[in-house]
Amino acid sequence: MTQPTVCRMVHYTSYGSKDGRYDSTCRAAVVTEVHENYDPPSVGLAVLNPSGIFFDRNVRESDEHKPGTWHWPCTVVPTPNLGEPVIGSVPGPDNSAQEES
Ligand SMILES: [Zn+2]
181 MTQPTVCRMV HYTSYGSKDG RYDSTCRAAV VTEVHENYDP PSVGLAVLNP
231 SGIFFDRNVR ESDEHKPGTW HWPCTVVPTP NLGEPVIGSV PGPDNSAQEE
281 S
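As structure tokens, this is what we get:
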């Protein structure tokens, strides 16, 4: 399992609001310190919320997205309303530069 290191980007799971107005959700965060010797290990984070930054020096990892924890950036699930992917619409690599050599 990859260990976090200072400066890596991770996800922080926000707590959301108690009144339910804001759901618990993934936020971008930068690892500011690593506590490998803590039990369980934890990291310090600078969490980048859309409207502000906050810092936490002791955040544990949780792949279950428990509020107040971090995880490696999770896969974005595509929304089903985008229709079928259009095959062949993406141009291939441009090889013209290699042909000149
Ligand atoms: Zn996430």
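181 is the number of the first residue of the sequence shown in this note's numbering; add one for each residue after it.
Glycine residues also receive a C-beta, built at the ideal position from the N, C-alpha and C atoms.
Terminal residues of the beta strand (DSSP E) in which residue i lies
i    : result
H191 : M189 to T193
T212 : C206 to H215
Local Cβ density within 10 Å of residue i, reported as buried at 16 or more and exposed below that
i    : result
S222 : buried
V186 : exposed
Y192 : buried
Q183 : exposed
W252 : exposed
Under the three-state DSSP convention, the category residue i falls into
i    : result
H245 : coil
G129 : A query on residue 129 cannot be resolved here, the shown segment of the chain reaching from 181 to 281 and no further.
S231 : coil
W149 : The question about residue 149 has no answer here: the residues shown for the chain are numbered 181 through 281.
R201 : coil
D236 : strand
V223 : strand
Exercise. May I have all residues whose beta carbon comes closer than 5 Å to any heavy atom of ligand 1, sorted in chain order?
Key: H191, C206 and C254
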